[in-house]
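Comments concern the structure below.
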Amino acid sequence: MHIARTRVWSQTVESRGKGPDFWQPYVEEWDNPPVIPSEPFWETMVKRWLGGWVGLFVVRRGLVILLPFNFYPFVGILVSAAIKSLRTARNLHRPYFEAKKMSKEQIAVFMEERRWDYFQFGFVAAILEGIPIVGLVFTISNRVGAAMWAHGIAPDLEKRQHFVASQKFNKATETTPS
136 MHIARTRVWS QTVESRGKGP DFWQPYVEEW DNPPVIPSEP FWETMVKRWL
186 GGWVGLFVVR RGLVILLPFN FYPFVGILVS AAIKSLRTAR NLHRPYFEAK
236 KMSKEQIAVF MEERRWDYFQ FGFVAAILEG IPIVGLVFTI SNRVGAAMWA
286 HGIAPDLEKR QHFVASQKFN KATETTPS
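Numbering (our numbering), first residue to last: 136 to 313.
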């Protein structure tokens, strides 16, 4: 499955006609970006109390938290998708972040600036991937959607990065005395 998702991303990028030179380094768009804590408090507590990555896996997957919601039809699916939304969106855009060579802190700030967009995208993707059997097809098609979003078919992320970089460059050249 991993091979198929990787191949779909690369073929979608290739079909857009953008080469590796299209991806430029990350440029902060805000003058005062949001401050992101290094690790959420709940993750620290889960690691400390439930035994590291095993406990974090159990809590993140919702095996413990979502158990009461599974007794009500459709409620568990919606709550589960809401909890998984940002993580799903981050995983779908991982190749984009790698192409831009972004650090974990830059990814966190980038996603915080677009939190609602990433929440919506991840929510729908998590719901579609959660459908039994058919969800396997959606794990591939969600990659296509993520690649298209990153390339500017939908609300364009990379085109905005190019615009902000040129604006910052123009501002820097105007302020330097000749």
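Just so it is clear, CB atoms sit at the ideal spot from N, CA and C, and this is done for glycine as well. The model shown is predicted, which means the values in this text are computed figures rather than measured ones.
Nearest neighbour of residue i, chosen from the options [CA to CA]
{"i": "F232", "options": "R151, A300, W284", "result": "W284"}
{"i": "T141", "options": "E309, A307, V210, I275", "result": "I275"}
{"i": "D166", "options": "E309, T308, H137, E248", "result": "E248"}
{"i": "R151", "options": "M246, A282, F304, H228", "result": "A282"}
{"i": "K303", "options": "L227, W158, E164, N277", "result": "E164"}
{"i": "I171", "options": "A243, V269, P203", "result": "A243"}
{"i": "F245", "options": "S145, V269, P168", "result": "P168"}
{"i": "H228", "options": "W251, K306, N277, Q159", "result": "N277"}
{"i": "R250", "options": "R222, E309, T308", "result": "R222"}
Cutoff 8 Å; reference residue i; Cβ partners in own chain excluding five residues on either side
{"i": "I315", "result": "One cannot answer for residue 315 here, as it falls past the ends of the chain, which runs 136 to 313."}
{"i": "F273", "result": "A260, L263, E264, I266"}
{"i": "L271", "result": "M136"}
{"i": "P208", "result": "none"}
Residue i (DSSP reduced to helix, strand or coil)
{"i": "Q159", "result": "coil"}
{"i": "R249", "result": "coil"}
{"i": "I288", "result": "Low confidence applies to I288: its pLDDT is 49, below 50, so where it sits in the model is not reliable, and the reading given next is rough at best. In this structure, I288 counts as coil in the three-state DSSP scheme."}
{"i": "N167", "result": "coil"}
{"i": "P208", "result": "coil"}
{"i": "V269", "result": "coil"}
{"i": "H297", "result": "helix"}
{"i": "K235", "result": "coil"}
{"i": "G257", "result": "helix"}
{"i": "M283", "result": "helix"}
{"i": "H137", "result": "helix"}
{"i": "R142", "result": "helix"}
{"i": "R151", "result": "coil"}
Contacting residues, own chain, Cβ-Cβ under 6 Å from residue i (five flanking each side not counted)
{"i": "Y161", "result": "K235, M237, Q241"}
{"i": "K294", "result": "G287"}
{"i": "S220", "result": "F254, G257, F258, A261"}
{"i": "E149", "result": "none"}
{"i": "A224", "result": "Y253, F256, G257"}
{"i": "P230", "result": "W144"}
Same chain, Cβ closer than 7 Å to residue i, neighbours up to 5 away in sequence not counted
{"i": "A139", "result": "I275"}
{"i": "V279", "result": "V143, T147"}
CB contact check: residue i to chain C, cutoff 8 Å
{"i": "R249", "result": "The structure shown contains no chain C; it is built from a single protein chain."}
Any non-hydrogen atom of the ligand NAP closer than 7 Å to residue i Cβ
{"i": "E164", "result": "Because no ligand of any kind appears in the structure shown, any question about the ligand NAP cannot be addressed here."}
Contact between the segment 238-257 and the segment 298-312 (3+ Cβ pairs under 8 Å): The segment 238-257 makes no contact with the segment 298-312, as fewer than three CB pairs between them are under 8 Å.
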